[in-house]
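This note's numbering puts the first residue of the first sequence at 98, with every later residue one more than the last. Beta carbons: idealized from backbone N, C-alpha and C, even for Gly. Owing to the predicted nature of the structure, the values given are computational and were not obtained by experimental measurement. Scroll down for the structure; my scribbles are underneath it.
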Amino acid sequence: MSAFARLAALVRAALARLQERGELPRDLSFDAVVVEPPRDPAHGEAATNAALLLAKPAGKPPMELARALAAALAREPEVVAARAAPPGFVNLDLDPDFWRAEIRAALEAGTDYGRLDLGRGRPVNVEYCSANPTGPLHVGHGRGTVVGDALANLLAHMGYRVTREYYVNDAGAQIEALARSVHLRYREALGEPIGSFPEGLYPGEYLVPVGRALAERYGDRYRTAPESEWLDLFGREAVAAMLARIREDLAALGVRHDVFTSERALVEAGKVEEALDFLKSKGLLYTGTLPAPKGKPIEDWEPVPQLLFKATAFGDDTDRPLKRSTGHWTYFAADIAYHLDKWRRGFDWMIDVWGADHAGYVKRLQAAVKAFSDGAATLDVRLCQLVNLLDGGKPLRMSKRAGRIVTLRDVVEEVGKDVFRFVMLTRKNDAPLDFDLVAVTEQSKDNPVFYVQYAHARICSVFRHAREQGFPTAREELVRAPLERLSDPAELALVRALALWPRCLEQAARHGEPHRLAFFLVDLAGLFHALWTKGKEHPELRFLVAEDRPLALARLALLAAVRTVIAAGLGIIGVQPVEELG
RNA sequence: GCGCCCGUAGCUCAGCAGGAUAGAGCACGGGAUUCCUAAUCCCGGGGUCACAGGUUCGAGUCCUGUCGGGCGCACCA
Numbered sequence: 098m099s100a101f102a103r104l105a106a107l108v109r110a111a112l113a114r115l116q117e118r119g120e121l122p123r124d125l126s127f128d129a130v131v132v133e134p135p136r137d138p139a140h141g142e143a144a145t146n147a148a149l150l151l152a153k154p155a156g157k158p159p160m161e162l163a164r165a166l167a168a169a170l171a172r173e174p175e176v177v178a179a180r181a182a183p184p185g186f187v188n189l190d191l192d193p194d195f196w197r198a199e200i201r202a203a204l205e206a207g208t209d210y211g212r213l214d215l216g217r218g219r220p221v222n223v224e225y226c227s228a229n230p231t232g233p234l235h236v237g238h239g240r241g242t243v244v245g246d247a248l249a250n251l252l253a254h255m256g257y258r259v260t261r262e263y264y265v266n267d268a269g270a271q272i273e274a275l276a277r278s279v280h281l282r283y284r285e286a287l288g289e290p291i292g293s294f295p296e297g298l299y300p301g302e303y304l305v306p307v308g309r310a311l312a313e314r315y316g317d318r319y320r321t322a323p324e325s326e327w328l329d330l331f332g333r334e335a336v337a338a339m340l341a342r343i344r345e346d347l348a349a350l351g352v353r354h355d356v357f358t359s360e361r362a363l364v365e366a367g368k369v370e371e372a373l374d375f376l377k378s379k380g381l382l383y384t385g386t387l388p389a390p391k392g393k394p395i396e397d398w399e400p401v402p403q404l405l406f407k408a409t410a411f412g413d414d415t416d417r418p419l420k421r422s423t424g425h426w427t428y429f430a431a432d433i434a435y436h437l438d439k440w441r442r443g444f445d446w447m448i449d450v451w452g453a454d455h456a457g458y459v460k461r462l463q464a465a466v467k468a469f470s471d472g473a474a475t476l477d478v479r480l481c482q483l484v485n486l487l488d489g490g491k492p493l494r495m496s497k498r499a500g501r502i503v504t505l506r507d508v509v510e511e512v513g514k515d516v517f518r519f520v521m522l523t524r525k526n527d528a529p530l531d532f533d534l535v536a537v538t539e540q541s542k543d544n545p546v547f548y549v550q551y552a553h554a555r556i557c558s559v560f561r562h563a564r565e566q567g568f569p570t571a572r573e574e575l576v577r578a579p580l581e582r583l584s585d586p587a588e589l590a591l592v593r594a595l596a597l598w599p600r601c602l603e604q605a606a607r608h609g610e611p612h613r614l615a616f617f618l619v620d621l622a623g624l625f626h627a628l629w630t631k632g633k634e635h636p637e638l639r640f641l642v643a644e645d646r647p648l649a650l651a652r653l654a655l656l657a658a659v660r661t662v663i664a665a666g667l668g669i670i671g672v673q674p675v676e677e678l679g
């Protein structure tokens, strides 16, 4: 059990004793009782709000309850001081050994330290990236990809059975546009001048090799053939080529999905009809005419009767069309089928990571999931805001017209996958993020990736010196270190920060917010750097004290624990900790 | 017009499940290097948490409204 979980248990036990003595009513819920590290050190090392919460149901003044609780807690051997503080907090100071024990726990558990079986094997489907297979990934895709991948890692770490999934939108008008674009490149490869690309097609250079490959394979067989003869074939070929490219882009980021689901395959297998029949059987489909959307007027608006889903019955703002006037299914219809498919594969929890420009889509899909599962399945959507690419503080123009889109691959090759991944988690997902190609590779404390890696590298450096100087460094020896020798405030501050790791992990998982790990690591690294520098001014605080080997061993144990937590955190983020700075 | 997200120090952002006197970095001013990596650290000033109500013992956090910014809004994806 983690430090704060133990404290919470202590508080609950103390409350139970108060109940036994009749000082508290029996039928109380302790659910909202928390034990937290206070912001202000004057409020102790841990604080509980129990008395504030229970005062009303107990019919007693908060301070009176707080004093009773403090008295009960003061008897615990780990508790050095328990004070009631207005308006009714109980502040605790713990025996340093209570915190020091976390070092041993971290050493024994390694990167499993703080790991909790929150999920109990519950399956969760995390869908992320899911970029259309019409071109390479760009930087914006990269953010959602990293957020989704780190979230998947985090949930897997915490006991969920995670499936990482990519939905391939390989059907519809965009694929026809892709096929036509490739056909142009194909004709170009056969020596034909093609001029400029018509509006709506994909002029990017990345289709040139695809056209060339098709020219080699098929010669001029489809050069002047009617579209009906090649549209489907070229579409498939182009999607295959783009998907191969996207998989390479993902691999460069260290991302590997478990499942790629093809929209086209779903459609061809009749899953859309099946899904809609299912909703129909629940009485949730009807044919009707939607009112014209307000706001900017649409030129060619005509009121047409459409097949609609009763999304308003499940919290959406309007009912949603399922079939286009062309007779094709809407994207939404296919998406319902897709999510129903996920549900039937055993996922009653699904997380989709999307770009913020899809925000307007969230309610309708959640409505659909609620509808087909009768409320038994949950769809969470995490929206990622834009990434502003900068180059030395100046915005990098991503002009699509000039064909100068900055691909994810370009950026990852320039700054490295580890830097990219970490920086993508230095903001919460729903805040815009500046990504400066220069700043993220600078080796300075202003660069959080570097700052954390530097802490890890410094610890590794200490261990190299330790081995050279004949200090014991094996884990079996470090766990036996006399940890009570750690007594400097800077050391104990680092120990207490370390003890917060399990709590950080749990909360990050509960909230589905992997960026919290990145922030935690920056804080932990900061306390480590502070301790390090303190050793510069106070040589007695240096880690490798030759004349006092037990003390050195205790300090090495602390450093090993910090290194373990950094490595664990970086591991979930998907970053390789460095042992030396390059 | 409607929906979603955002509004916290001069700038960029945290703020943990509603907790106490709101934090960090940058920038600005001052300081630390016989030493395990100074690629770092320490000290200092700096705030009407957009605004107005409400719920609560307690609100940056929850609810309502207003203002400001971003995104989206039939038959695209």
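Through-space distance from residue j to residue i, alpha-carbon basis
| i | j | result |
| --- | --- | --- |
| Cys601 | Ala464 | 32 Å |
| Lys439 | Arg593 | 42 Å |
| Val559 | Trp196 | 23 Å |
| Ala276 | Thr386 | 33 Å |
| Glu205 | Glu574 | 11 Å |
| Leu347 | Trp629 | 38 Å |
| Ala338 | Asp507 | 18 Å |
| Pro545 | Glu676 | 17 Å |
| His425 | Asp527 | 33 Å |
| Phe617 | Asp454 | 29 Å |
| Ala171 | Lys460 | 51 Å |
| Ser293 | Thr358 | 34 Å |
| Phe127 | Asp214 | 22 Å |
| Asp445 | Arg555 | 45 Å |
| Pro159 | Ala148 | 5 Å |
| Val516 | Thr427 | 39 Å |
| His562 | Ala139 | 38 Å |
| Ser470 | Leu162 | 46 Å |
| Leu656 | Asp531 | 33 Å |
| Tyr750 | Lys379 | The structure shown does not extend to residue 750, since the chain is modelled only from 98 to 679, so the question has no answer here. |
| Pro306 | Asp397 | 38 Å |
| Asp449 | Arg417 | 20 Å |
| Ala366 | Phe429 | 17 Å |
| Val509 | Arg240 | 12 Å |
Identity of the residues DSSP links to residue i by a beta bridge
| i | result |
| --- | --- |
| Glu224 | Glu262 and Asp449 |
| Arg652 | Partner(s): none; Arg652 has no beta bridge. |
| Tyr383 | Leu405 |
| Thr321 | According to DSSP, which records beta bridges pairwise, Thr321 is partnered with nothing at all. |
| Trp426 | Lys420 |
| Lys491 | Asp488 |
Residue closest to residue i, alpha-carbon to alpha-carbon, out of the options
| i | options | result |
| --- | --- | --- |
| Gln550 | Leu678, Arg219 and Ser325 | Leu678 |
| Leu595 | Leu530, Gly666, Arg561 and Val576 | Gly666 |
| Trp451 | Arg506, Val478, Asp507 and Asp355 | Val478 |
| Leu756 | Ala203, Glu511 and His436 | This structure cannot settle anything about residue 756, because the visible part of the chain is limited to 98 through 679. |
| Asp585 | Gln566, Gly632 and Glu610 | Gly632 |
| Gln566 | Lys491, Glu511 and Ala643 | Ala643 |
| Gly513 | His238, Gly671, Ala657 and Asp543 | Gly671 |
| Ala622 | Lys542, Gly288, Phe375 and Tyr319 | Lys542 |
| Val619 | Ala105, Leu522 and Leu252 | Leu522 |
| Thr260 | Leu248, Pro674, Ala270 and Gly269 | Leu248 |
| Leu363 | Glu302, His280, Ala268 and Ala181 | Ala268 |
Buried or exposed by the 16-neighbour rule on C-beta atoms within 10 Å, applied to residue i
| i | result |
| --- | --- |
| Asp432 | buried |
| Val535 | exposed |
| Asp317 | exposed |
| Pro579 | exposed |
| Ala499 | A caution first: Ala499 carries a pLDDT of 44, below 50, which makes its placement in the model unreliable, though a value can still be read off. Exposed: under 16 other Cβ atoms inside 10 Å. |
Chain-order list of residues whose beta-carbon lies under 7 Å from that of residue i (same chain, five-residue window excluded)
| i | result |
| --- | --- |
| Gly211 | Ser99, Trp598, Pro599 and Leu602 |
| Arg309 | Ala286 |
| Leu191 | Glu142, Ala143, Glu175, Val176 and Val177 |
| Gly668 | Thr208 |
Contacting residues, own chain, Cβ-Cβ under 8 Å from residue i (five flanking each side not counted)
| i | result |
| --- | --- |
| Phe568 | Leu641, Arg646, Ala649, Leu650 and Leu653 |
| Ser422 | Val401 and Gln403 |
| Val576 | Arg201, Leu204, Glu205 and Ala654 |
| Pro184 | Leu149, Pro159 and Met160 |
| Ala456 | Leu480 |
Nonlocal neighbours in the same chain, by C-beta distance under 6 Å from residue i, ignoring five residues either side
| i | result |
| --- | --- |
| Thr145 | Val108, Val132 and Val187 |
| Asn266 | Asn229 and Glu360 |
| Gly489 | Val535 |
| Leu304 | Ser278, Val279 and Arg282 |
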